[in-house]
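K.L.:
My numbering runs 10 ahead of the 1-based position in the sequence shown. C-beta atoms are modelled at their ideal positions from N, C-alpha and C, and glycine is treated no differently.
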Amino acid sequence: MPRLLDLADDFLTIGDVIRLSENYDLGPDSGPVDLLIFDPHEDEAGLGLMVTSGYKAGLVFAVLPEESRFEKKPGLSRTWLIENWDKWFVFTYQGGPVPIEETVILRWNERMTVEICHADRRPA
Numbered sequence: 011m012p013r014l015l016d017l018a019d020d021f022l023t024i025g026d027v028i029r030l031s032e033n034y035d036l037g038p039d040s041g042p043v044d045l046l047i048f049d050p051h052e053d054e055a056g057l058g059l060m061v062t063s064g065y066k067a068g069l070v071f072a073v074l075p076e077e078s079r080f081e082k083k084p085g086l087s088r089t090w091l092i093e094n095w096d097k098w099f100v101f102t103y104q105g106g107p108v109p110i111e112e113t114v115i116l117r118w119n120e121r122m123t124v125e126i127c128h129a130d131r132r133p134a
């Protein structure tokens with residue numbers, strides 16, 4: 011998984027996941043949280059970020075502004091994301107930005123979902 015700061019591409023695409031090293035809502039040392047890039051189908055808006063892990067999974071984290079879009083292809087500009095990180099990725103209650111240094115990108119075509127069977131669950 012490439013770190014956002016080391017990413018070779020200039021943009022992220024719909025279906026990619028941004029894995030924050032810390033949960034923006036729970037604060038420092040709380041562990042990672044995943045944000046899925048999606049298209050909100052809103053005129054004059056950028057792409058959106060939906061929480062896909064933790065207790066806020068399924069909720070919209072943000073719909074980014076139109077200027078966050080990559081100019082040459084449909085996607086989220088890596089440069090815009092890095093330059094505006096401290097504005098959009100802040101801890102809810104503690105204040106201050108979520109650290110960008112350990113943020114990684116899970117590309118839509120380079121990951122898989124794994125089902126885990128729990129011993130305490132019985133088949134239907």
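(1) Pro38 and Val114: beta carbons closer than 9 Å?
(2) Would you call the segment 48-55 in contact with the segment 96-114, where contact means no fewer than 3 C-beta pairs closer than 8 Å?
(3) Could you compute how far the alpha carbon of Gly105 sits from the alpha carbon of Asn94?
(4) For Ile28, tell me which candidate among Asp16, Leu116 and Thr102 has the shortest Cα-Cα distance.
(5) Need the endpoints of the beta strand (DSSP E) that Ile92 sits in, please.
(6) Give me the residue from Lys82, Gly25, Leu14 and Leu17 with the minimum Cα distance to Asn119.
(7) Which residues share a DSSP beta bridge with Ile115?
(8) Could you tell me whether any Cβ in chain D is nearer than 9 Å to the Cβ of Gly85?
P.N.:
Let's see:
(1) no
(2) no
(3) 16 Å
(4) Leu116
(5) Note, Ile92: premise wrong, no beta strand (DSSP E); alpha helix (DSSP H) at Arg88 to Glu93.
(6) Gly25
(7) Ile28
(8) Absent from the structure: chain D. Only one protein chain is present.
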